[in-house]
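For the record, the sequence lines run as chains A and B.
For what it's worth, the numbering used here labels the leading residue of the first sequence as 27, then goes sequentially.
For what it's worth, the numbering used here labels the leading residue of the second sequence as 168, then goes sequentially.
Here a beta-carbon is modelled for each residue, glycine too, at the ideal position from N, C-alpha and C.
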Amino acid sequence: MSETIKNFLYLNRKAPYGTIYAWESLEVVLIGAAFDQDVSLAFVDDGVFQLTKGQDTAAVGMKNFSPTYAALGDYEVKKIFVEKESLEERGLSLDDLQHLTWEDEDDDWAEKDSIHLVTRAEMAAIMDGADVVFSF
Amino acid sequence: MKFAIQVNEGPYQHQAADSAYFFAKAALEKGHEIFRVFFYHDGVNNSTRLTTPPQDDRNVVERWAELAEQHDLDMVVCVAAAQRRGVVDEGEAQRNGKDATNIHTRFRISGLGQLVEAAIQSDRLVVFGD
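#1: For residue 128(B), which residues in the same chain have their Cβ closer than 6 Å to its Cβ, ignoring the five residues on either side in sequence?
#2: Can you tell me which of the three DSSP states residue 192(B) falls into?
#3: Could you check whether the Cβ of residue 50(A) sits closer than 7 Å to any Cβ belonging to chain B?
#4: So with CB distances below 9 Å, who are the chain A contacts of residue 280(B)?
#5: Check whether the Cβ of residue 187(B) lies closer than 7 Å to any Cβ atom in chain A.
#6: From which residue to which residue does the alpha helix (DSSP H) around residue 251(B) run?
#7: Under 7 Å, do residue 291(B) and residue 243(B) count as touching if we go by C-beta distance?
#8: If contact means a Cβ-Cβ distance below 9 Å, which residues of the segment 286-297 of chain B contact chain A?
#9: May I have the straight-line CA-CA distance separating residue 33(A) from residue 64(A), to the nearest angstrom?
#10: Based on Cα-Cα distance, which residue from 84(A), 75(A), 131(A) lies nearest to residue 109(A)?
#11: From the DSSP output, in three-state form, read off residue 176(B) for me.
#12: Under DSSP, the beta strand (DSSP E) around residue 238(B) begins and ends at which residues?
#13: With burial defined as no fewer than 16 other Cβ atoms inside 10 Å of the residue's Cβ, what is the status of residue 38(A): buried or exposed?
#14: Going by other Cβ atoms of all chains shown within 10 Å of its Cβ, with 16 needed for buried, is residue 271(B) buried or exposed?
#15: How far does the alpha helix (DSSP H) with residue 40(A) in it extend, from its first residue to its last?
#16: Measure how close the beta-carbons of residue 199(B) and residue 248(B) come, nearest whole angstrom, since I'm counting them as under 8 Å.
#17: Using the Cα positions of residue 102(A) and residue 44(A), report the straight-line distance between them to the nearest angstrom.
#18: At a Cβ cut of 9 Å, what residues of the segment 140-162 of chain A count as close to chain B, listed as they run along the chain?
#19: For residue 197(B), tell me which candidate among 238(B), 297(B), 225(B) has the shortest Cα-Cα distance.
#20: Looking at chain A, is there any beta carbon in it that lies within less than 7 Å of the beta carbon of residue 255(B)?
#21: Nearest chain B C-beta to residue 104(A) closer than 7 Å, yes or no?
#22: Looking at the structure shown, is residue 36(A) part of a helix, part of a strand, or coil, going by DSSP?
#23: In whole angstroms, give me the CA-to-CA distance for residue 67(A) and residue 223(B).
#24: Taking C-beta pairs closer than 9 Å, name the residues in chain A that residue 208(B) reaches, listed in chain order.
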C-alpha cells in the first residue's frame, strides 16, 4: 500500500482488562500488519501482564483476547520485546508468559521465539530507534 | 513538518483532548502541516455534535470543527472504537439499524488503516492520552 517502510513500535504499558487500551492496541497491530512495515511490539510496566498465560476473564464478563497474541506470528510480527525490570518488579518471569513463536520461511519454516527479554536501557534504545511509536 | 495526531481520550474527562487541540492549533499557526487527526479509544467522543457543555465552558467539539473548517483538517474517527461507544454517522446508522446519528459533519468515520497510513505519511505521530 505504501513504498515507505518505517520502524513501527507498538508500546504497551497497561494491564489487559482494567482499561481497553491493550485490546484496542492489538486491533491496530492486526490492521497495521497489512501495511508491510517493520513492526515491533514492546511490553513495559503493567503491560507485561498482557502476555501472561492462563488468563481467565469469566468473572469480569469480558472477552479473553489473550489467545490473539499467539496469532501474531502469522501476521509477520516477529519482534516482541519485554522489559526485564517490569517483569521482576511484578514477581513475574518469562515462564509466566505465553510462548510466542513465528515461522522463518528462510530457515525451512523453523519455529523461532518472538519474545525477547530486554533491559530497561535496551528498551530505551529500541524506542529511540523507532520511526513511529504507538503508545498505548 | 508534517504531523499526524492521535487523540486517545474523551472530552472534559481528560486534558489530553484539550492538549491535542492546542498542539494542532499551534502547529498550524507556525506553518506546519497536519496530515490527519485520528480519534481513537474514548477520543471518538470528541466528535459528537450533541455535546452541550455549560455556557461558561469551552466547547471541545465545536472548537475542533472550527479549526478543521479554517485549515481543511482531515479528522477521522475510528469505526471500531466508535461502534463500541455509540458514535454514529448516516452510513453506520443504516448498516447497524440505529435510529439516530450523532457525529459532527466535520468528522468522518473510517478504519484503523487511516491511522497507520497517517503514521507512514507524516514526519511525526504525536499521541495524546494516558
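In short:
#1: Chain B is shown from 168 up to 297; residue 128(B) falls before or after that span and cannot be answered.
#2: helix
#3: yes
#4: 27, 57, 58, 60, 61
#5: no
#6: 246-252
#7: no
#8: 286, 287, 288, 289, 291, 292, 294, 296, 297
#9: 5 Å
#10: 75(A)
#11: coil
#12: First-last for residue 238(B): 227-238, but that is the alpha helix (DSSP H), not the beta strand (DSSP E).
#13: buried
#14: buried
#15: No alpha helix (DSSP H) contains residue 40(A), which DSSP labels as neither H nor E.
#16: Their Cβ separation, rounded to whole angstroms, is 26 Å, which puts residue 199(B) and residue 248(B) out of contact at 8 Å.
#17: 28 Å
#18: 157, 158, 159, 160, 161, 162
#19: 238(B)
#20: no
#21: For residue 104(A), the closest Cβ of chain B is not nearer than 7 Å.
#22: strand
#23: 44 Å
#24: Per Cβ cutoff of 9 Å: 45, 46, 47, 50, 162.
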